[in-house]
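Inspection log for the structure reproduced underneath, given as structure tokens.
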Ligand SMILES: [Zn+2]
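Residue numbers (our numbering): 513 to 631.
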């Protein structure tokens, strides 16, 4: 399963993709989204967010990403799943469903790799 894709002259991993999207939101994390900035905050954040919501969202997604890393064996360092015939859960291939869901938040972006789409 592909976990990297070519974008322009570079290659983006799912982790790099998520970190870049979180960095895109970072400037709005500590601003009051109710302040008038020509509608940019409303477009990016929605109109029902309270101050601090974006900060908490970014921090939570970074914590999830820190917990779900690609291990040296190519599997998620956290996730396991059941396989028929196995008595114990087996490691889940990277990128795991949790990281795929986090990346799917920004699935409309041009550098989103459709192979990351959650099952
Ligand atoms: Zn995982």
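Idealized CB from N, CA, C, for every residue including glycine. Remember, it's a predicted structure, so these values are computed and weren't measured experimentally.
Spatial distance of residue i from residue j (CA atoms)
i: residue 615; j: residue 525; result: 11 Å
i: residue 531; j: residue 572; result: 12 Å
i: residue 620; j: residue 607; result: 18 Å
i: residue 578; j: residue 626; result: 22 Å
i: residue 598; j: residue 582; result: 23 Å
i: residue 576; j: residue 589; result: 12 Å
i: residue 631; j: residue 535; result: 26 Å
i: residue 564; j: residue 593; result: 35 Å
i: residue 580; j: residue 611; result: 7 Å
i: residue 617; j: residue 568; result: 15 Å
i: residue 624; j: residue 596; result: 32 Å
i: residue 609; j: residue 570; result: 19 Å
i: residue 523; j: residue 538; result: 23 Å
i: residue 587; j: residue 527; result: 14 Å
Proximity to residue i [Cα-Cα], best of the options
i: residue 605; options: 628, 565, 617, 618; result: 628
i: residue 601; options: 591, 568, 580; result: 591
i: residue 497; options: 603, 540, 533, 523; result: Residue 497 cannot be examined here, being either before or after the span of the chain that is shown, 513 to 631.
i: residue 542; options: 533, 529, 566; result: 566
Terminal residues of the beta strand (DSSP E) in which residue i lies
i: residue 605; result: 602-605
i: residue 587; result: 587-593
Boundaries of the alpha helix (DSSP H) in which residue i is found, first to last residue
i: residue 498; result: Missing from the structure shown is residue 498; the chain here goes from 513 to 631 and no further.
i: residue 531; result: 526-537
i: residue 578; result: 565-579
Those residues, in chain order, that have a beta-carbon closer than 5 Å to some heavy atom of ligand 1
Put simply, the residues with a CB less than 5 Å from any heavy atom of ligand 1 are 580, 588, 590, 591, 608, 610, in chain order.
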